[in-house]
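Same order as they appear, the protein sequences are chains X and S.
One rule links them: number in my numbering = place in the first sequence (from 1) + 92.
One rule links them: number in my numbering = place in the second sequence (from 1) + 537.
Heads up, the beta-carbon is just placed ideally off N, CA and C, and yes, glycines get one too.
Every value quoted in this text rests on a predicted model; they were computed, and no experiment measured them.
First up is the structure itself, then whatever we jot down about it.
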Amino acid sequence: MEIKKGIGVSPGVAISTAFVLDAEEVPIPQRHVEPGKLKNEVTRLRKATAASKAEIVELRDRMAAEIGQETAAIFDFHLRMLEDKVLLRNLGRTIRDKHVTAEHAVAAVFRDYAKTFLAMPQFMAERVKDVNDIQKRLLRNLIGQSRQVLNHLRRDVVLLAHDLTPSQTANLDRRHILGLATDAGGRTSHTAIVAHALGIPAVVGLKDVTVSVQPNDTVIIDGNRGVVIVNPDEATLDEHRQYVQRLVQVERQLIELRDLPAVTRDGHEVTLLGNIEFPAEAATVIEKGGAGIGLYRTEYLYLSSEVEPTEQQHYDAYCEAIRLADGRPIVIRTLDLGADKYTQDRALVPERNPFLGLRSIRYCLRHLDAFKTQIRAVLRAATTGPVSMLFPLITNVMELRQAKMIVRDVAEDLEEEQAEFIPDVPIGMMIEVPSAALMCDAFAKEVDFFSIGTNDLVQYTLAVDRGNEMVAPLFTVAHPAVLRLIKDVIRAGQRHNVSVSLCGEVGADPEYTLLLLGLGLRIFSVAPPAIPEIKQIIRSITIEQATQCARKVMTFDSDKEILSYMRDRLRHLVPDLQR
Amino acid sequence: MQLVDTASRFDSHITVSNGEAEMDAKSIMSVMQLAATQGTVLRLKASGEDAQDALEAMAALIRSGFGE
Numbered sequence: 093m094e095i096k097k098g099i100g101v102s103p104g105v106a107i108s109t110a111f112v113l114d115a116e117e118v119p120i121p122q123r124h125v126e127p128g129k130l131k132n133e134v135t136r137l138r139k140a141t142a143a144s145k146a147e148i149v150e151l152r153d154r155m156a157a158e159i160g161q162e163t164a165a166i167f168d169f170h171l172r173m174l175e176d177k178v179l180l181r182n183l184g185r186t187i188r189d190k191h192v193t194a195e196h197a198v199a200a201v202f203r204d205y206a207k208t209f210l211a212m213p214q215f216m217a218e219r220v221k222d223v224n225d226i227q228k229r230l231l232r233n234l235i236g237q238s239r240q241v242l243n244h245l246r247r248d249v250v251l252l253a254h255d256l257t258p259s260q261t262a263n264l265d266r267r268h269i270l271g272l273a274t275d276a277g278g279r280t281s282h283t284a285i286v287a288h289a290l291g292i293p294a295v296v297g298l299k300d301v302t303v304s305v306q307p308n309d310t311v312i313i314d315g316n317r318g319v320v321i322v323n324p325d326e327a328t329l330d331e332h333r334q335y336v337q338r339l340v341q342v343e344r345q346l347i348e349l350r351d352l353p354a355v356t357r358d359g360h361e362v363t364l365l366g367n368i369e370f371p372a373e374a375a376t377v378i379e380k381g382g383a384g385i386g387l388y389r390t391e392y393l394y395l396s397s398e399v400e401p402t403e404q405q406h407y408d409a410y411c412e413a414i415r416l417a418d419g420r421p422i423v424i425r426t427l428d429l430g431a432d433k434y435t436q437d438r439a440l441v442p443e444r445n446p447f448l449g450l451r452s453i454r455y456c457l458r459h460l461d462a463f464k465t466q467i468r469a470v471l472r473a474a475t476t477g478p479v480s481m482l483f484p485l486i487t488n489v490m491e492l493r494q495a496k497m498i499v500r501d502v503a504e505d506l507e508e509e510q511a512e513f514i515p516d517v518p519i520g521m522m523i524e525v526p527s528a529a530l531m532c533d534a535f536a537k538e539v540d541f542f543s544i545g546t547n548d549l550v551q552y553t554l555a556v557d558r559g560n561e562m563v564a565p566l567f568t569v570a571h572p573a574v575l576r577l578i579k580d581v582i583r584a585g586q587r588h589n590v591s592v593s594l595c596g597e598v599g600a601d602p603e604y605t606l607l608l609l610g611l612g613l614r615i616f617s618v619a620p621p622a623i624p625e626i627k628q629i630i631r632s633i634t635i636e637q638a639t640q641c642a643r644k645v646m647t648f649d650s651d652k653e654i655l656s657y658m659r660d661r662l663r664h665l666v667p668d669l670q671r
Numbered sequence: 538m539q540l541v542d543t544a545s546r547f548d549s550h551i552t553v554s555n556g557e558a559e560m561d562a563k564s565i566m567s568v569m570q571l572a573a574t575q576g577t578v579l580r581l582k583a584s585g586e587d588a589q590d591a592l593e594a595m596a597a598l599i600r601s602g603f604g605e
C-alpha cells in the first residue's frame, strides 16, 4: 500500500481500478505484458509495421508523381528501415525478453538507435530525424489500434495521468471515470475544472503517482483530503468505504437545499449560477439548485474534434444548453483558447510565451471567420432563450470595441439573410487581467456586465503559472492585491449599474463566500456540485457579518493571515457545514 | 542505402566492417552506425552460394563511388 499526498481539487472519494495515461498521451493498456499475451503484442507490431509500410509506399508514389523522384527517395529510405530485419528482430526480442507492449518496445529500441546516431559525426546525425519519424509512424499505427480504449471504457476506473489536457479530457468516456489523479497541476488546473464538471473527486500535484501505480491496481482517490492510496490494505479500504457512506448522507441533505432561495439571514438576495463545459451540464446546474448558467465555456466544441466546429454544431450545442436551462439565463463565452494544442497547432511560429500570446479574444480577432461563426450561432440561438455573450481576456478598450463591431457586422449579415436572431444580445467581458481590473471604470461604460475570472486574474496579477506544481502554493486569491482588484471591480459595477459576477473557481470555495459577499459580490457562478454548499453558507450568514469580515480582511497584508481568519469565521458562523 | 540495396539482392550473409565494428550489410540501421565517410576503408565479408557475386557487386558499387 502506498499513500501519496497531493492537492485535492475536487471533493469526494472514489475507489476503483487504475487506468493510466502516460506522458506522451499514449494510453498504455498495460506497460508489462503477461507471458501468454506476448504473441499478441508481436502480432500487433507486425500489423503496425505493415500498415506503416503501406502508408510510406503510398506517400512515396504520390511524391514521385507530384514532385519528383529525388524527393520521393527519402521514403525509400524510410521503407528500408521498416524492412530492416535486424531492427525487427530487435523489436520482437525486446517484447519477448522484457515482457512489454509493442509501444514500449518501439520507444525503447528507437531511443537506443537515436542515442547512437546522435553521438556520431554530423552527416549521420541528421538521420535521427528520419528515425524519429519512423518511430512516430509506428506508434501512431499501434495507438490507432488502442486509442479506442479511452473513448469506450468498459468498466469503471479512476484515471491517472501525468497531466490532463483539454483535448484528452474532451474525448473521455465520462460514464466510467470515477476519479482523476495527476502528477502535475495546481488548484485551478484543467484537471480541476473537468473533475468539477463531472462531479468526481480529483487530486493533482502528486508528482510521481503515474510511476507508482500499475494499470489495474486498486486506487483510492480522496479529493477532500488530497490523498491517493495505491493498493490499499483491507483496513484502509473499509475505512474509506464508510467515509463514502457518510459523504452520501451529507449529499442527500444538501439536495434538500435545492428548492430554497439563496437569501442571507437578513434578507439579501444572492444569485447562484453554474459554470458548464457541455450542454448536458445545464441540467445538473438546475438539479443542484442553480438559478442559471453564469458561464458556458465553449472550448470543448473546438477540442473534441479534429476540425473546427461548424455554425450548426455551435448552434445545436447552444440550443441544447438553453433548452436544459429551461428559461433560465445563460452566459455564453466566446472561444477562450490559447497556450494549448488548438491554437499552437495552427500557429505559424510556435509561441514562446503562449499565456501572453495570441489567445482568446486576440486569436478570435485575427481569425474572423471562426469568430463570426460562433457569434452567428449565439445570436441565432438567442431566439430560443435568454442568452448573453461574454468576451474573454479583454485587455484594452479598442479590443472590446472591435469585438462589439464584429457582433454588429454579424447582425447585419443575418439581417440580410433574413435569418431569425436577436441583434441586441447583452454583451459582457471577463475581468481576468490586471489592466482590465485597473481600468474597470472605463470598461463599465462599454459593457452590460462583468464577469471576474479569478483563475487568470490571479495568474496574471501574481505572475504565477497555475499549472506549475513548483509554484502552486503562491497561487491564491487571498493575496491582498487580488482582493483589492476584486473589490474595485465590484464597486465600479455598482457605480455604473453594471452587474458583476464571479466565475472563477474561488466562487465555489466555502472559505471565501463570506469575504466575497462582504466585498459586495451578489452573483456567484460556480461548478454545479458546489451550488448546494455555497447556498447553505449564504443562508446561514448576514450581510452585516460578511461586510465586517471583508473589512477586517482588507487590513491584513498576507494571504496566510487572511485564509486563517476566513477559515475561523466560517467555522464560527456556519458550524454545521460538513467539510 | 545503395549498399544495403545491393547486398539485399543476394542470399549470402554479408557483413561490412569499418575496422571497429562489423555490421550486417542488409540492415540499414546497422550500416548507418558505421559512419562510413569518403576515405573510410571498408572490409566486406560474404558467405553463401552467391558470396562471390555478392562481393563483386558490392566492390563495384563502392569503386564506382556509389554513382555520385
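Compute every distance between the C-beta of Val645(X) and the non-hydrogen atoms of the ligand ZN, then say whether any falls below 7 Å. This structure lacks the ligand ZN, and indeed carries no ligand of any kind.
Beta carbon proximity, Arg172(X) to chain S, threshold 8 Å: yes
Buried or exposed by the 16-neighbour rule on C-beta atoms within 10 Å, applied to Gly160(X): exposed
When burial is assigned at 16 or more other CB atoms within 10 Å of the CB, is Ala157(X) buried or exposed? Counting of Cβ neighbours within 10 angstroms places Ala157(X) among the exposed residues, the total staying below 16.
Within the continuous alpha helix (DSSP H) that includes Arg267(X), where are the two ends? No alpha helix (DSSP H) contains Arg267(X), which DSSP labels as neither H nor E.
Rounded to the nearest angstrom, what separates Pro572(X) and Pro401(X) at their Cα positions? 41 Å
Mind checking who Gly366(X) pairs with in its DSSP beta bridge? Ile385(X) and Val618(X)
State the CB to CB distance for the pair Gln526(X) and Thr553(X), rounded to an integer number of angstroms; the pair is presumed to be in contact (CB under 8 Å). The sequence given here places Pro at residue 526(X); Gln does not occur at that position. Pro526(X) to Thr553(X), Cβ: 5 Å. Contact.
For Ile187(X) and Glu133(X), which I take to be in contact (beta-carbon distance under 8 Å), what is that distance rounded to the nearest angstrom? 5 Å
Reduced DSSP secondary structure (H/G/I, E/B, other) of Leu713(X): This structure cannot speak to residue 713(X), because chain X is shown only from 93 to 671.
Listed by chain order, chain X residues near Lys582(S) by CB distance under 7 Å: Against chain X, the beta carbon of Lys582(S) has no neighbour under 7 Å; the closest one sits roughly 16 Å away.
Kindly indicate which three-state DSSP category Leu272(X) falls into: helix, strand or coil? strand
Listed by chain order, chain X residues near Asp561(S) by CB distance under 7 Å: Val178
Could you check how far apart the C-beta atoms of Ile95(X) and Val423(X) are, in whole angstroms? I think they sit under 8 Å. About 41 Å separates the CB atoms of Ile95(X) and Val423(X); that is not less than 8 Å, and the two are not in contact.
Kindly say whether Asp153(X), judged by its beta-carbon, lies nearer than 8 Å to any beta-carbon of chain S. Asp153(X) has a beta carbon lying at 8 Å or more from every beta carbon in chain S.
Taking 8 Å as the CB-CB limit, is Tyr205(X) close to chain S? yes
Taking the alpha-carbon of Met630(S) as reference, which of Val303(X), Arg172(X) and Met522(X) has the nearest alpha-carbon? Given a span of 538 to 605 for chain S in the structure shown, any question on residue 630(S) remains unanswerable.
Which residues share a DSSP beta bridge with Ser545(S)? Ser545(S) has no beta-bridge partner at all, per DSSP.
Measuring alpha carbon to alpha carbon, tell me which of Leu579(S), Ser584(S) and Glu586(S) ends up nearest Glu557(S). Comparing Cα positions, the closest option is Leu579(S).
Please report the residue range of the alpha helix (DSSP H) in which Phe648(X) lies. Unbroken run through Phe648(X): none, as it is neither H nor E.
According to the Cβ coordinates, are Gly430(X) and Tyr410(X) closer than 8 Å? no
Going by DSSP, name the residue or residues bridged to Glu559(S). Ser554(S)
Which two residues bound the contiguous alpha helix (DSSP H) that contains Asn299(X)? Per the sequence shown, the amino acid found at residue 299(X) is Lys instead of Asn. Per DSSP, Lys299(X) belongs to no alpha helix (DSSP H) and is neither H nor E.
Spatial distance of Arg600(S) from Glu162(X) (CA atoms): Going from the Cα of Arg600(S) to the Cα of Glu162(X) covers about 23 Å.
Could one say the Cβ of Val553(S) lies closer than 8 Å to chain X's Cβ atoms, at least one of them? Val553(S) does not count as touching chain X.
Give the secondary structure of Thr546(X) by DSSP, where H, G and I count as helix, E and B as strand, and everything else as coil. helix
Environment of Arg458(X) [buried if 16+ CB atoms lie within 10 Å]: exposed
Below-8 Å beta-carbon distance, Pro121(X) vs any chain S residue: Summary for Pro121(X): the model assigns pLDDT 49, below 50, so the residue's position carries little reliability, and this model does not support an answer.
When the cut-off is 8 Å and only beta carbons count, does Met569(S) lie next to chain X? yes
Where the alpha helix (DSSP H) through Phe535(X) begins and ends: Cys532 to Ala536
Within the same chain, show all residues whose beta-carbon is closer than 8 Å to that of Asn224(X), passing over the 5 residues directly before and after it, in chain order. Phe202 and Ala206
Once you ignore the five residues that flank Pro515(X) on each side, which residues in its own chain have a CB closer than 6 Å to its CB? Ala503
DSSP has Ile107(X) in a bridge; who is on the other side? Ile312(X)
Residue interval of the alpha helix (DSSP H) (run including Lys131(X)): Leu130 to Glu158
Quick one: does Ile565(S) have its CB under 8 Å from some CB of chain X? yes
By the DSSP assignment, the beta strand (DSSP E) with Phe483(X) in it spans what residues? Val479 to Phe483
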